[in-house]
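In the numbering used here, the protein residues as written are 35 to 337.
Structure representation (structure tokens):
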């Protein structure tokens, strides 16, 4: 390997052969192959066949699996639930994280303790987090559920779909808010102090400085977090759903990613489960494209 300095003053590496660079990237390529490309190809191939529960025989059925999905009321209800829940979770998470980040910038004493307390949920596994919230809001023994009952508020996520959805929203937002908070605090600390001081000299208060100076400067970070929150709502809440509600009651909290598990591993309908996986991936790609086209036009990357 040879190192030389470019015209811009940056050092660039050039390899004499392909053996060394191939060896360096081989571990990453193997991980992608075994945990992404091969499973994706397997899911894509299973989406067009009907497989018996033991995987011994398969029959090519073309688009029958997809046609059956779209004609099923349960799948349409799950798709609507996933859409509004993902948007609501993403918006609430980003808003609360932004409020906490703003508060962090205005805390004079105990700022480090304040940040540590907020970041603690990020170190907790999703299963543990879900179990904790399931216990706190358990209608029989949960302390928070008993508090609601003491105020005359009926609460039973095991029987009431609305209560189960609220509980799931609380658990998912609480688990992911730390992720947004980390990026927002880092972005706010990167805002030039001179701009904030100039705005303060012009008479702008903390809220006005945040809305007119800080927020436009951290727009790329906010744009990134919107995408990550949508991806989180689509793919990464499986463990919380499984531990908090189990998809119930009556499928009211069964999002698309959890329905893939129910149809594939509980009901052993591999063809339908694979078709749902393909549709879910297409939805994620579509969301990302729409966000880039609709949001990125309003994002200023120049400092």
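Ideal placement from N, C-alpha and C gives every residue a C-beta, glycine not left out.
Contact between residue 291 and residue 314 holds, since their C-beta atoms are separated by about 6 angstroms, short of 8 angstroms. In this structure, residue 256 sits away from residue 321, with a CB-CB distance that is not shorter than 8 angstroms. C-alpha of residue 119 to C-alpha of residue 286: approximately 11 angstroms in a straight line.
Nearest neighbour of residue 184 by Cα position, chosen from 192, 193 and 174, turns out to be 174.
In the DSSP annotation of this structure, the continuous segment of the alpha helix (DSSP H) that includes residue 65 starts and ends at 53-66.
Looking only at 289, 293, 280 and 259, the smallest Cα-Cα distance to residue 129 is reached by 259. The beta-bridge partner set that DSSP reports for residue 105 is empty. When beta bridges are read from the DSSP output, residue 84 appears opposite 93.
Put simply, the backbone Cα of residue 228 is about 50 angstroms away from that of residue 74. The three-state reading of DSSP puts residue 171 in coil, since its state is none of H, G, I, E or B. Minimum Cα-Cα distance from residue 125 among the listed residues 308, 176, 190 and 211 corresponds to 211.
For the pair residue 218 and residue 269, the Cα-to-Cα distance works out to about 22 angstroms.
By the Cβ rule, the segment 198-205 counts as touching the segment 159-176, because three or more pairs are nearer than 8 angstroms.
Around the beta-carbon of residue 316, fewer than 16 other beta-carbon atoms lie within 10 Å, marking it exposed.
Counting the other Cβ atoms within 10 Å of the Cβ of residue 116 gives 16 or more, which makes it buried. Here residue 105 is actually not in contact with residue 293; their C-beta atoms are around 15 angstroms apart, not less than 8 angstroms. Counting only unbroken stretches of 4 or more residues, the alpha helix (DSSP H) elements lying wholly within the segment 227-309 are 227-235, 240-243, 253-269, 272-278 and 290-295, in sequence order. Note that the C-beta distance between residue 254 and residue 209 is not below 8 angstroms. Per DSSP, residue 225 lies in no alpha helix (DSSP H) segment and is marked neither H nor E. For residue 159, no alpha helix (DSSP H) segment is defined, and its DSSP state is neither H nor E. Residue 207 carries a helical assignment under DSSP once its states are collapsed to helix, strand and coil. Between residue 81 and residue 309, the CB-CB gap stays under 8 angstroms. Per DSSP, reduced to three states, the secondary structure at residue 176 is coil, with no helix or strand assignment. Rounded to the nearest angstrom, the Cβ distance from residue 252 to residue 205 is 27 angstroms, too far for a contact under 8 angstroms.
Here residue 312 has 77, 78 and 81 as same chain residues with Cβ atoms under 7 angstroms from its own Cβ, once five neighbours each way along the sequence are excluded. With distances taken between CA atoms, residue 284 lies nearest to 197 out of 197, 97, 50 and 99. Residue 221 sits buried, since 16 or more C-beta atoms from the chains shown fall within 10 Å of its C-beta. For the pair residue 326 and residue 148, the Cα-to-Cα distance works out to about 34 angstroms.
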